[in-house]
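*Asks:*
Number of protein chains: 2
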Amino acid sequence: MLPASLLTRLSARFGDRFSTARPVCEQHGHDESHFAPVPPEAVVFALSTADVAEAVKACAEHGVPVIAYGTGTSLEGHVAALKGGVSIDVTGMDAILVVRPEDMDVTVQPGVTRKRLNDYLRDSGLFFPIDPGADASLGGMAATRASGTNAVRYGTMRDNVLSLEVVLPDGRIIRTGRRARKSSAGYDLTRLMVGSEGTLGIITELTLKLHGIPEAVSAAVCPFPSVEAAVNTVITTIQSGVPVARIEFLDQAMVNAVNRYSKTSHQVAPTLFFEFHGSAAGVREQAERVQTIAAEFGAPDFLWATGTEERTRLWAARHNAYYAGVALRPGCRTWTTDVCVPISRLAQCLLETTADLDASPLTCTVVGHVGDGNFHAMLLVDPANPDEVTEAERLNDRIVRRALAMDGTCTGEHGVGHGKMRFLEEEFGEALDVMRLIKAAIDPQGIMNPGKIV
Amino acid sequence: MLPASLLTRLSARFGDRFSTARPVCEQHGHDESHFAPVPPEAVVFALSTADVAEAVKACAEHGVPVIAYGTGTSLEGHVAALKGGVSIDVTGMDAILVVRPEDMDVTVQPGVTRKRLNDYLRDSGLFFPIDPGADASLGGMAATRASGTNAVRYGTMRDNVLSLEVVLPDGRIIRTGRRARKSSAGYDLTRLMVGSEGTLGIITELTLKLHGIPEAVSAAVCPFPSVEAAVNTVITTIQSGVPVARIEFLDQAMVNAVNRYSKTSHQVAPTLFFEFHGSAAGVREQAERVQTIAAEFGAPDFLWATGTEERTRLWAARHNAYYAGVALRPGCRTWTTDVCVPISRLAQCLLETTADLDASPLTCTVVGHVGDGNFHAMLLVDPANPDEVTEAERLNDRIVRRALAMDGTCTGEHGVGHGKMRFLEEEFGEALDVMRLIKAAIDPQGIMNPGKIV
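Protein sequence lines, in the order shown, are assigned to chains A and B. FYI, our numbering numbers position 71 of the first sequence as 572, with every residue one higher than the one before it. FYI, our numbering numbers position 43 of the second sequence as 544, with every residue one higher than the one before it.
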């Protein structure tokens, strides 16, 4: 129960942008994960940094939890109000504040989604490359250190945030850094806030790096005789210094799902999807080099194209993969694993994982950002069936422990939320204590998104 | 004065690898900056992580300061023992532990220097790109978030450290992350430690990203009619997406100094030096595109070459710049400024700075990593002449304040040490409080390199 004085204060300050209505709270208690929703007790719809600062300050004075909410597309229960409190919805903070073409950067409010930013930028010759699949808010993407298909060339949110404005747990507003491209001035607060999932503060403004839209793009698709052959092609491609923009992997089960879903007739085999960015001559050269490498690993059916329509056709299977996977068992929820391992261990990790999945009664598919060593097993689970939930948990545990044993991480890009917390001790050992010290120092009351990360 | 019980303990533990001899202490109290040396009271020569951990633990139990020492090539007084204490020299921790060509990474001890690492890697086809000029230790480079000439393409130490082993202020040993190329697991302790200058812990092991030695390299040099024309060429080059590896700037005074020092006859003009990495066709294409851009900005004398000897000849002026600058006034110390601004402000920042330097009685030159917006004014100062020191201080203050007003940083790559501390309040405002909270949480006794950063 929220204290009456807080309810009065927030209601007076925010009027109809403050709500305790049940449907509103319920909508703010769940993301796209398999976890049960946990609604907050109230929602503030913020329109400005001052709104966020005042709401946080009011909550802090009452020791009440605060949870930032963007598009609700996270996958580890990040927005669940595990200890009650107030959700601060920043989707109304959706202004693209300044585009600076000369500096190739942009300042946005946290509710701007990545697709809207790229639509807005279209005529500038610039784009923002991070593509986690969902049309997530940029604030949420920074908060979870998101990445996706373009990370192999353009990096993750870690690499593409220049500076942040953040509301601290006591309501003060800070800026984590300047717009200079590099700096050695003090502790890297920008990188500390990126990936902190609203547990150290709420992001209210982001300055992001932009990249030039490539002069030419080419795409390719190639089925492989084995998972190993596909992964070895990836390793050799990266080692050869081919600056590939995307390398995506679908396992045999996923290609099969896509064929069913999209009525296509792709060869049912482990398959790689490539995208190359550069000059016209450059993308041709890149595609030819990868074609040669793939052939060396026994894959002669390398198809590539530069025309937009042809490229879209080649990549359709990858783009439809998520929905094709889900469609294998309508009505189910998807439990998505997210390990990332050093690329030398990827073939073994994928092969052992595939063997686990094959031996499981659950319907499962695999899709991977293999250029980074990151892949997702999509486990289709009927949430009403406790045996299936237990089985998904068992598989996820095995996959995470395997990745950790290979010097990998439990989460490549989805974040910790409350879903991955129990693996952090194993992943970090005593370093987790340092995270706890930082959390306690910056948020001594523990009101910022409690029950997440540490 | 160090407590007798600490002296006894360290002496018993380290034998002749522990010293309180005056020359040894003096050698560990200065770096390559213009600041007066401040020697520690004792030096431990560490050979292992256990050595560092035990030395730190002993000091912590006595509340005695600890300062990490590598090659002593820092530029902001980082190693000065401002509050006395024990210097831990890690130059003996110089093992290259594991090279993993498949993962393109390497694990090293902190005393390994960048040149030795690259010599060692030569036959592997891989290299470590960060080149800050000095043959610094990799531990020191991580501690100061160093970068240098290759940063425009390969990033800084921030981008090229995968994970660190760190001895905490209480002597515990942590690892900040796994070897996976990306992770969303918890707070980014790796990036927190990179740039923390020994104030949060001592780096005892580094896992670094490696890059493929490019198939082809080409180099170019081009004099410009004005600083503005040179900077506009830089901006256009980067916006066009030319993946240039290095873009370095020398001002007219510096080219003049080089001509005198190396008996060359370069046109005395603002000059850019380029290096291109890629395939044979790729580097040709890159050079041709930049040549076209330079010509558009009124610079027809673009010279480029791919042969090793020819490349070395073209870049000789850049490589000799530091010593050529110093040679303008033998016996002086160099006070090197280090601001970095958004690239759109670089022309104005450089022009106004050059006007300041021209109006000053000091001998000054400018060299810049202009692809990142970073440049150094080298001010030659007779340390025995207080007027000159005051004048250098005045110039440095003006240059920093100008950069801050342009949304830049007081230090692009040298770090804060004690030399830049007084600018952090202006650069970060209340965010500096967050740095102080982190420092107090991780190092509550304040024994780690006290008097630096915060």
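Beta carbons are placed, not taken as given, at the ideal position from N, Cα and C, and that holds for glycine. Here the structure is a predicted model, which means the values were calculated and not measured.
Would you report the Cα separation of ASP604 of chain A and CYS841 of chain B, rounded to the nearest angstrom?
*Replies:* On the first sequence, position 103 is the one that residue 604 of chain A refers to. On the second sequence, position 340 is the one that residue 841 of chain B refers to. Each residue's Cα considered, the two are about 13 Å apart.
*Asks:* Could you list which residues in chain B have their beta carbon closer than 7 Å to that of LEU938 of chain A, in chain order?
*Replies:* As a first step, residue 938 of chain A must be located in the first sequence, where it is residue number 437. Here the neighbours are ALA942, ILE943.
*Asks:* Among all the DSSP beta bridges, which residues are the ones paired with PRO724 of chain A?
*Replies:* Within the first sequence, residue 724 of chain A is the residue found at index 223, counting from 1. According to DSSP, which records beta bridges pairwise, PRO724 of chain A is partnered with A:THR772.
*Asks:* Classify SER648 of chain A: buried if its beta carbon has 16 or more other beta carbons within 10 angstroms, exposed otherwise.
*Replies:* To locate residue 648 of chain A, count along the first sequence from 1; it is residue 147. Under this definition SER648 of chain A is a buried residue.
*Asks:* Would you please state the rounded distance, in angstroms, between the beta carbons of ASP595 of chain A and LEU663 of chain A? I believe it to be under 8 Å.
*Replies:* Start at 1 with the first residue of the first sequence, and residue 595 of chain A comes out as number 94. Start at 1 with the first residue of the first sequence, and residue 663 of chain A comes out as number 162. With 8 Å as the limit, ASP595 of chain A and LEU663 of chain A do not qualify as a contact, their Cβ atoms being about 20 Å apart.
*Asks:* Give the single residue among B:VAL871, B:GLU894, B:LEU583, B:GLY874 whose Cα lies nearest to the Cα of SER861 of chain B.
*Replies:* As a working mapping, residue 861 of chain B is identified with position 360 in the second sequence. Cα-wise, what sits closest to SER861 of chain B is B:GLU894.
*Asks:* Rounded to the nearest angstrom, how far is the Cβ of SER685 of chain A from that of GLU914 of chain B, given a contact under 8 Å?
*Replies:* Indexing the first sequence from 1 puts residue 685 of chain A at position 184. Indexing the second sequence from 1 puts residue 914 of chain B at position 413. About 5 Å; that satisfies the 8 Å criterion.
*Asks:* Considering only C-alpha positions, which residue in the set A:SER845, A:CYS865, A:ILE844 is nearest to THR854 of chain A?
*Replies:* In the first sequence, residue 854 of chain A corresponds to position 353, counting from 1. Selected option, being the one with the closest Cα: A:CYS865.
*Asks:* Using a C-beta to C-beta distance shorter than 9 Å, which residues of chain B count as neighbours of GLN740 of chain A?
*Replies:* In the first sequence, the residue the question calls residue 740 of chain A occupies position 239. The answer, in chain order, is PRO602, GLU603, MET605, GLY626, LEU627, GLY713.
*Asks:* Taking C-alpha atoms, which residue in B:VAL587, B:LYS683, B:PRO670 lies nearest to SER512 of chain B?
*Replies:* Within the second sequence, numbered from 1, the residue matching residue 512 of chain B stands at position 11. Cα-wise, what sits closest to SER512 of chain B is B:VAL587.
*Asks:* Classify LYS558 of chain B as helix, strand or coil using the three-state DSSP reduction.
*Replies:* In the second sequence, the residue the question calls residue 558 of chain B occupies position 57. Of the three classes helix, strand and coil, the one that applies to LYS558 of chain B here is helix, per DSSP.
*Asks:* Tell me, please, whether the segment 717-736 of chain A touches the segment 940-950 of chain B by the rule of three or more beta-carbon pairs shorter than 8 Å.
*Replies:* With a cut-off of 8 Å, the segment 940-950 of chain B and the segment 717-736 of chain A do not count as touching, because too few Cβ pairs lie within range.
*Asks:* ARG761 of chain A: buried (16+ other C-beta within 10 angstroms of its C-beta) or exposed?
*Replies:* As a position in the first sequence, residue 761 of chain A is number 260, starting the count at 1. Exposed, because fewer than 16 other Cβ atoms sit within 10 Å of the Cβ of ARG761 of chain A.
*Asks:* What are the residues that DSSP puts in a beta bridge with LEU707 of chain B?
*Replies:* If you number the second sequence from 1, residue 707 of chain B lands on position 206. DSSP, once it has assigned bridges, lists B:VAL609, B:LEU665 as partnering LEU707 of chain B.
*Asks:* Under the assumption that ARG615 of chain A contacts ASP590 of chain A (Cβ atoms under 8 Å), give the Cβ distance between them as a whole number of angstroms.
*Replies:* The sequence position of residue 615 of chain A within the first sequence is 114, counting from 1. The sequence position of residue 590 of chain A within the first sequence is 89, counting from 1. 18 Å between Cβ atoms; not a contact.
*Asks:* Specify the secondary structure class of PHE536 of chain A as computed by DSSP and reduced to three states.
*Replies:* Residue numbering aside, residue 536 of chain A sits at position 35 when the first sequence is read from its first letter. DSSP places PHE536 of chain A in coil when its eight states are reduced to three.
*Asks:* Using only CA atoms, which one of B:PHE519, B:THR574, B:THR734, B:LEU829 lies nearest to GLY641 of chain B?
*Replies:* Translated into positions along the second sequence, residue 641 of chain B becomes position 140. Out of B:PHE519, B:THR574, B:THR734, B:LEU829, B:THR574 has the C-alpha closest to the C-alpha of GLY641 of chain B.
*Asks:* Starting from the C-beta of ASN733 of chain A, find all residues in its chain whose C-beta is less than 8 Å away, skip the five residues before and the five after it, and write them out in chain order.
*Replies:* Here residue 733 of chain A refers to the residue found at position 232 when the first sequence is read from its first residue. Result list for ASN733 of chain A: PHE798, ALA848, in chain order.
*Asks:* For ALA445 of chain B, does the three-state DSSP call read helix, strand or coil?
*Replies:* The requested residue 445 of chain B is not part of the displayed model; chain B covers only 502 to 955.
*Asks:* Specify, as a first and last residue, the run of the alpha helix (DSSP H) that PHE629 of chain A falls within.
*Replies:* The count along the first sequence starts at 1 and reaches residue 629 of chain A at position 128. Unbroken run through PHE629 of chain A: none, as it is neither H nor E.
*Asks:* Consider the Cβ of TYR688 of chain A: report whether some Cβ of chain B lies at a distance smaller than 8 Å.
*Replies:* Along the first sequence, read from residue 1 onward, the residue named residue 688 of chain A stands at position 187. Yes, contact with chain B.
*Asks:* Nearest by alpha-carbon distance to GLY872 of chain B: which of B:MET936, B:MET922, B:VAL735 is it?
*Replies:* Reading the second sequence from its first residue, position 371 is the one you call residue 872 of chain B. Ranking the options by Cα distance to GLY872 of chain B, first place goes to B:VAL735.
*Asks:* Give me the chain B residues within the contact set of VAL842 of chain A, using Cβ-Cβ distance strictly less than 7 Å, ordered along the chain.
*Replies:* For this step, residue 842 of chain A is matched to residue 341 along the first sequence. Those are ALA681, listed as they occur along chain B.
*Asks:* When you compare each of A:LEU881, A:ALA817, A:ASP636 to GLY571 of chain A by their alpha carbons, which one comes out closest?
*Replies:* If you number the first sequence from 1, residue 571 of chain A lands on position 70. Comparing Cα-Cα distances from GLY571 of chain A to each of A:LEU881, A:ALA817, A:ASP636, the minimum goes to A:ASP636.
*Asks:* With a threshold of 8 Å, are at least 3 pairs of Cβ atoms found where one atom belongs to the segment 830-844 of chain B and the other to the segment 889-906 of chain B?
*Replies:* Segments in contact, yes.
*Asks:* Indicate the three-state DSSP secondary structure (helix, strand or coil) for LEU804 of chain B in the structure shown.
*Replies:* Along the second sequence, read from residue 1 onward, the residue named residue 804 of chain B stands at position 303. Three-state result, LEU804 of chain B: strand.
*Asks:* Would you mind stating whether THR657 of chain B and LYS683 of chain A have Cβ atoms separated by less than 8 Å?
*Replies:* On the second sequence, residue 657 of chain B is found 156 positions in, with the first residue counted as 1. On the first sequence, residue 683 of chain A is found 182 positions in, with the first residue counted as 1. Yes; because the gap between Cβ atoms is below 8 Å, this pair is in contact.
*Asks:* Could you check where the beta strand (DSSP E) with CYS865 of chain B kicks off and where it finishes?
*Replies:* Residue numbering aside, residue 865 of chain B sits at position 364 when the second sequence is read from its first letter. Residues 864-870.
*Asks:* Can the beta-carbon of GLU776 of chain A be found closer than 8 Å to that of ARG814 of chain A?
*Replies:* The residue given as residue 776 of chain A occupies position 275 in the first sequence. The residue given as residue 814 of chain A occupies position 313 in the first sequence. It is not a contact, given that the beta carbons lie outside the stated cut-off.
*Asks:* Measuring CB to CB, does ALA543 of chain B end up less than 8 Å from THR521 of chain B?
*Replies:* Taking the second sequence and counting its residues from 1, the one referred to as residue 543 of chain B is at position 42. Taking the second sequence and counting its residues from 1, the one referred to as residue 521 of chain B is at position 20. Yes. Within cutoff.
*Asks:* Please report whether the beta-carbon of HIS915 of chain A lies at a distance below 8 Å from any beta-carbon of chain B.
*Replies:* Within the first sequence, the letter at position 414 stands for residue 915 of chain A. Answer yes: the Cβ-Cβ gap between HIS915 of chain A and chain B drops below 8 Å somewhere.
*Asks:* List the residues of chain B that ARG676 of chain A touches, going by C-beta distances under 9 Å, in chain order.
*Replies:* The sequence position of residue 676 of chain A within the first sequence is 175, counting from 1. What ARG676 of chain A touches in chain B: PHE929, GLY930, GLU931, ALA932.
*Asks:* So what's GLU749 of chain B in DSSP terms, helix, strand or just coil?
*Replies:* Residue mapping note: residue 749 of chain B aligns to position 248 of the second sequence, counting from 1. Strand.
*Asks:* If you compare alpha carbons, which of A:ALA822, A:ALA770, A:GLU789, A:PHE629 is closest to THR708 of chain A?
*Replies:* Against the first sequence, residue 708 of chain A aligns to sequence position 207. Closest option to THR708 of chain A, Cα to Cα, is A:PHE629.
*Asks:* Classify VAL840 of chain B as helix, strand or coil using the three-state DSSP reduction.
*Replies:* In the second sequence, residue 840 of chain B corresponds to position 339, counting from 1. Residue state, collapsed to three classes: coil.
*Asks:* As a quick exercise: from A:ASP624, A:THR592, A:THR765, A:SER506, pick the residue whose alpha carbon is nearest that of PRO602 of chain A.
*Replies:* Looking up residue 602 of chain A in the first sequence gives position 101. Out of A:ASP624, A:THR592, A:THR765, A:SER506, A:ASP624 has the C-alpha closest to the C-alpha of PRO602 of chain A.
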